[in-house]
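First the structure, in the form of structure tokens, and then the observations on it.
2 protein chains.
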Amino acid sequence: MVVRLRDVAAAAGVSDATVSLALAGNPRISTATSARVIAAANQLGYRPNSAARALRTESTKSLGLIVSDVANPFFAELAGTIERQAAHEGYSLILCNSDEDVARQDDYLLNLLAGSQVDGVLLVPTASTTPGLRALAASGAKIVLLDRPITVSGTGAVAESLRTVPIVSSDPRQALADAAELLARLGHRRVGVVAPPLATPLGRDRRGQIRDALVSAGFRSRDIVVEEGDFRQESGYRAAEALLASGNPTVIIAADGPMGVGALKALRAHGIRVPHDMSVICFDDAPWFDLFDPPLSAIAQPIEELARAAIAAVLAQREGNPVLAAHPPCTFISRSSCGVPAG
Amino acid sequence: MVVRLRDVAAAAGVSDATVSLALAGNPRISTATSARVIAAANQLGYRPNSAARALRTESTKSLGLIVSDVANPFFAELAGTIERQAAHEGYSLILCNSDEDVARQDDYLLNLLAGSQVDGVLLVPTASTTPGLRALAASGAKIVLLDRPITVSGTGAVAESLRTVPIVSSDPRQALADAAELLARLGHRRVGVVAPPLATPLGRDRRGQIRDALVSAGFRSRDIVVEEGDFRQESGYRAAEALLASGNPTVIIAADGPMGVGALKALRAHGIRVPHDMSVICFDDAPWFDLFDPPLSAIAQPIEELARAAIAAVLAQREGNPVLAAHPPCTFISRSSCGVPAG
DNA sequence: TAGTGACGGTTAATCGATTAAACAACGAGG
DNA sequence: CCTCGTTGTTTAATCGATTAACCGTCACTA
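Protein sequence lines correspond, in order, to chains Z and W.
My numbering puts the first residue of the first sequence at 1, with every later residue one more than the last.
My numbering puts the first residue of the second sequence at 344, with every later residue one more than the last.
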């Protein structure tokens with residue numbers, strides 16, 4: 001039922017080796033024989049068994065992508081874009097969903113990568129350094145970190161190799177500066193931030209970047225109120241409620257799309273009008289943000305560039321000339337969810 | 344650098360076979376030896392090479408999912424849910440993106456499935472019967488169609504086996520009936536539909552279902568105006584413009600989320616107010632639809648059930664007791680984008 | 001005419017795990 | 001004391017493709 005190399009060889013009246021070489025386009029095989037082999041292969045509908053090929057060549061021509069949440073439109077779009085790039089380079093993509101769960105992430109890392117199921121892994125790390133990541137780095141696997149950094153503590157060979165894992169993430173500084181400047185100009189004084197967990201390196205980075213941008217635009221550090229979320233919509237809802245209760249800010253900046261949506265829902269539930277009573281800005285953009293009531297201002301990530309850089313970074317590792325990092329800039333997209341503060 | 348079965352065997356002082364059997368939990372291996380082997384494996388960080396295993400066992404413990412567009416939030420969420428279900432059953436998921444392109448779809452089908460890279464494929468078919476699909480069905484591969492049907496013409500063994508491919512898709516009839524009844528009650532008379540391509544079986548089905556529901560609710564067949572889209576936002580925009588120009592409906596029903604978003608953008612661009620001048624309903628729901636201006640009424644698909652049924656259907660094929668179809672019902676979610684028609 | 005290459009193809013080893021079949025060791029039963 | 005079972009482990013074949021090394025043939029040259 002399934003056609004093997006051997007069947008093609010028999011049909012074409014040549015040896016296995018000839019078929020393999022012919023299909024690989026090896027010039028040692030004469031044009032006539034090649035043609036016969038190719039005809040036979042097509043005729044029989046031959047498809048090389050990829051397990052056998054992988055076993056022999058130690059390459060599967062596939063990459064793993066572990067995202068923290070595919071249902072997040074940003075990661076969905078990123079996954080699609082990466083998949084397109086990968087296909088373009090002749091690689092297929094194994095998509096995994098860690099659901100922000102360290103155990104699942106490590107499970108995938110170990111089973112996919114260490115089992116040589118894939119040639120490289122693009123990882124959106126859920127936590128900082130995990131056992132799985134450590135083990136892999138020690139084994140010299142081809143990893144690229146996506147969207148989020150990790151912090152590596154300690155010294156030694158493993159720590160060292162973890163430190164040399166390439167990282168691809170967007171640079172929001174200019175976009176944040178633009179946003180902060182707009183907010184300052186509109187007359188805002190007090191800002192609420194729905195931030196990623198402080199336990200993650202991204203959490204620390206984001207807070208720092210937002211703070212820096214705001215301070216540079218003239219905000220006072222103590223007027224920046226931070227409430228922690230976990231990247232999910234529900235946490236954005238709760239964080240926004242907490243900010244309403246305690247911080248009385250006139251702007252809310254959410255660190256990702258789902259939390260931004262959650263925050264908007266909370267505001268609506270509490271009868272807070274945007275932008276009249278509260279301005280809102282959200283990391284990540286989506287095609288439907290301008291249909292929101294009101295259209296939502298966003299810090300858009302350069303998805304295409306991220307995908308391209310990520311693929312380039314894994315492939316470069318295969319070829320031995322590693323790229324260490326890429327940080328394409330974000331863009332601030334100003335829509336009507338930012339206005340002059342009331343009162 | 345990479346630990347093989349052999350290395351574990353050497354470390355534990357036993358043969359390769361013993362290691363394999365011990366790790367598989369075979370009772371023929373004594374508890375003492377098993378313990379030694381397991382200890383050695385953990386110690387060395389052994390991970391079985393999945394290519395070798397796949398070659399030998401003819402199973403990869405992975406499934407392929409080919410969606411037409413991951414960036415569509417419905418498919419993103421479906422992919423995530425399927426991935427979770429698959430992981431739960433011990434399978435990993437290879438995600439592929441056909442981008443509504445028959446050639447890419449067939450490429451994936453042939454390379455993934457026929458190359459035995461995966462144990463089964465969940466396919467959101469881009470077109471009706473394609474050469475790739477035909478070839479696979481002929482080879483007895485484990486396929487499940489997702490979200491969309493295909494039509495199979497002709498007779499013969501291949502056609503027959505294509506006809507027995509399980510299909511998992513939602514049943515929108517009750518939801519459509521609810522929607523139609525609401526529209527009739529509100530006093531609408533003329534409905535514009537942004538439909539999937541007539542060239543696809545889904546296109547025909549959807550039109551039929553929508554028409555049936557509307558007619559049952561008292562609409563006249565000639566008051567149903569159809570404009571064709573291609574599942575993408577841009578096409579929804581253009582279709583809505585066409586409906587405005589020719590059909591003068593008071594409601595627009597869009598056949599998927601992106602087209603719904605496109606239609607809303609078109610309406611906004613033309614200064615048409617929703618729901619005052621035009622009511623809108625859209626297939627597929629998203630957590631942010633109620634943040635739209637106005638909140639968008641939707642026909643929500645039962646994603647969890649679809650995912651569960653799809654996984655069950657592939658796995659059932661492996662075990663030889665095929666499930667032929669599953670059609671969990673959609674739900675109509677009424678929000679304020681439907682109102683009394685103007686004039 | 002013998003020697004040297006080039007050409008076209010084949011033989012056989014190999015990748016790493018699985019597993020049927022063979023085998024060793026030991027105890028019990030006759 | 002020999003045979004038969006049982007138990008625990010090993011031997012060796014196998015999955016399908018790749019590829020280094022090898023082997024005929026033929027043409028051309030010295």
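Virtual Cβ for every residue (Gly too), placed ideally from N, Cα, C.
Whole-Å CB distance - residue i paired with residue j, under 8 angstroms assumed
i	j	result
residue 562/W	residue 534/W	6 angstroms
residue 162/Z	residue 137/Z	4 angstroms
residue 117/Z	residue 60/Z	6 angstroms
residue 122/Z	residue 95/Z	The Cβ separation is near 10 angstroms, so there is no contact.
residue 636/W	residue 293/Z	3 angstroms
Residue(s) in a DSSP beta bridge with residue i
i	result
residue 591/W	Per DSSP, none; premise fails for residue 591/W.
residue 424/W	BP columns for residue 424/W are empty, so no partner.
residue 514/W	672/W
residue 92/Z	62/Z
residue 369/W	Beta-bridge pairing links residue 369/W to no other residue.
residue 150/Z	None, per the DSSP bridge assignment.
residue 191/Z	224/Z and 251/Z
residue 303/Z	In DSSP, residue 303/Z forms no bridge with anything.
residue 343/Z	Note: residue 343/Z sits in no beta bridge, so no partner.
residue 464/W	407/W and 486/W
residue 292/Z	635/W
residue 623/W	595/W
residue 481/W	None, per the DSSP bridge assignment.
Same chain only: Cβ atoms within 7 angstroms of residue i, ignoring 5 sequence neighbours per side
i	result
residue 52/Z	none
residue 629/W	416 and 600
residue 150/Z	125, 128, 129 and 201
residue 683/W	529 and 530
residue 226/Z	193, 195 and 207
residue 81/Z	303, 304 and 307
residue 654/W	425, 428, 429 and 432
residue 376/Z	With chain Z running from 1 to 343 in the structure shown, residue 376/Z is simply not present.
residue 579/W	537, 572, 597, 601, 602, 603, 604, 605 and 606
residue 330/Z	170, 171, 172, 175, 299, 300, 301 and 302
residue 182/Z	334 and 338
Nonlocal neighbours in the same chain, by C-beta distance under 6 angstroms from residue i, ignoring five residues either side
i	result
residue 463/W	406, 485 and 657
residue 556/W	519, 520 and 523
residue 652/W	511 and 669
residue 19/Z	5, 8, 9 and 37
residue 93/Z	63, 65, 83 and 86
residue 675/W	518, 521, 522 and 642
residue 582/W	537, 570 and 572
residue 184/Z	217 and 218
Cβ-based neighbour list, residue i, same chain, cut-off 8 angstroms, excluding 5 preceding and 5 following
i	result
residue 270/Z	241 and 244
residue 638/W	632, 678, 679 and 680
residue 445/W	469, 470 and 473
residue 216/Z	177 and 180
residue 70/Z	76, 79, 95 and 97
**Contact list for the region 521–533 of chain W against chain Z, Cβ threshold 9 angstroms** = For chain Z, none of the residues of the region 521–533 of chain W brings a beta carbon within less than 9 angstroms of one of its beta carbons.
**Item:** Short-range partners of chain Z found in the region 444–459 of chain W, where Cβ spacing is below 9 angstroms
**Value:** 447, 450, 451, 453, 454, 455, 456, 457, 458 and 459
**Message:** Please list, in chain order, the residues of the region 114–136 of chain Z that have any C-beta partner in chain W closer than 9 angstroms.
**Reply:** 114, 115, 116, 117 and 135
**Item:** At least three beta-carbon pairs within less than 8 angstroms, the region 612–622 of chain W to the region 661–675 of chain W
**Value:** no
**Message:** Taking contact to mean 3 or more Cβ pairs, one atom from each stretch, closer than 8 angstroms, check whether the region 206–222 of chain Z and the region 150–168 of chain Z are in contact.
**Reply:** no
**Asked** Would you say the region 605–614 of chain W touches the region 569–586 of chain W, given that touching needs at least three Cβ pairs under 8 angstroms?
**Response** yes
**Validate contact between the region 509–528 of chain W and the region 630–649 of chain W using beta carbons, cut 8 angstroms, 3 pairs** = yes
**Message:** Does the contact criterion of 3 or more C-beta pairs under 8 angstroms hold for the region 452–459 of chain W versus the region 417–429 of chain W?
**Reply:** no
**Asked** Taking any Cβ of chain W, which residues in the region 307–326 of chain Z have a Cβ under 7 angstroms from it, in chain order?
**Response** none
**Request:** Select from the region 16–28 of chain Z all residues with a C-beta closer than 9 angstroms to any C-beta belonging to chain W, and list them in chain order.
**Result:** none
**Request:** Residues of the region 617–636 of chain W with a CB closer than 7 angstroms to any CB of chain Z: list them in chain order, please.
**Result:** Hits within the stretch, in order: 630, 631, 634, 635 and 636.
**Message:** Closer than 7 angstroms between beta carbons: that is the criterion. Which residues of the region 136–152 of chain Z meet it against chain W?
**Reply:** Those would be 139 and 140, in chain order.
**Message:** Tell me whether the region 352–369 of chain W and the region 379–399 of chain W touch, counting them as touching only if at least three CB pairs, one residue from each stretch, are closer than 8 angstroms.
**Reply:** yes
**Prompt:** Which residues, in chain order, does the region 372–387 of chain W contribute to contact with chain Z at a C-beta distance below 7 angstroms?
**Reply:** In summary, no residue of the region 372–387 of chain W has a CB separated from any CB of chain Z by less than 7 angstroms.
**Request:** Taking only beta carbons into account, state which residues of the region 423–447 of chain W come closer than 9 angstroms to chain Z, listed in chain order.
**Result:** 423, 424, 426, 427, 430, 435, 436, 437, 438, 439, 440, 442 and 447: these are the residues of the region 423–447 of chain W whose beta carbon lies less than 9 angstroms from some beta carbon of chain Z, given in chain order.
**Request:** Name, going along the chain, the residues of the region 569–594 of chain W whose beta-carbon falls closer than 7 angstroms to a beta-carbon of chain Z.
**Result:** 576
**Item:** Against chain Z: residues of the region 387–398 of chain W by CB proximity under 7 angstroms
**Value:** 388, 390, 391, 392, 393, 394, 395, 397 and 398
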